[in-house]
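K.L.:
This is the structure I want to talk about, given as structure tokens.
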Amino acid sequence: MAVTATFVFARPKNHFRANGQLKPAAPKHCTSRVGDVDKLSRSILDALSEGVIFNDDAQVVSLIASRRYANDSEQPSAIITVTAIS
1 MAVTATFVFA
11 RPKNHFRANG
21 QLKPAAPKHC
31 TSRVGDVDKL
41 SRSILDALSE
51 GVIFNDDAQV
61 VSLIASRRYA
71 NDSEQPSAII
81 TVTAIS
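Read in order, the letters of the sequence shown correspond to residues 1 to 86 in our numbering.
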């Protein structure tokens, strides 16, 4: 199995001005302590194991994971794609 996961987080309120616009100094990348990408990945692999998607996370041979801030039209979420490899 190959798994791709994108973890989408809401920006903290201090990244915005009073009028709701993003501050110029707000970080582009999600670097605050909202969850280490390895721990986030481990949690989804555990959740998909036990026969949900695959029997054991040892079946995963490829994992690509990233985290980012949500844009204006998104809600915080996890976007997960699982592909069977033959």
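Glycine included, C-beta positions come from ideal geometry on N, C-alpha and C.
Under the three-state reduction of DSSP, which class applies to A79: helix, strand or coil?
P.N.:
Counting from one through the sequence shown, the residue named residue 79 turns up at place 79. Note that residue 79 is Ile in the sequence shown, not Ala. Strand.
K.L.:
Do V34 and F9 have their beta-carbon atoms positioned less than 7 Å apart in this structure?
P.N.:
If you number the sequence shown from 1, residue 9 lands on position 9. If you number the sequence shown from 1, residue 34 lands on position 34. Yes.
K.L.:
Touch check for the region 37–50 and the region 64–78: three-plus C-beta pairs under 8 Å?
P.N.:
Taking 8 Å as the limit for Cβ pairs, the verdict is that the region 64–78 does touch the region 37–50.
K.L.:
Strictly by DSSP, which residues pair up with I85?
P.N.:
To locate residue 85, count along the sequence shown from 1; it is residue 85. Paired residue(s): none; I85 is not in a bridge.
K.L.:
For R99, does the three-state DSSP call read helix, strand or coil?
P.N.:
Because the chain is modelled from 1 through 86, residue 99 falls outside the range shown and cannot be assessed.
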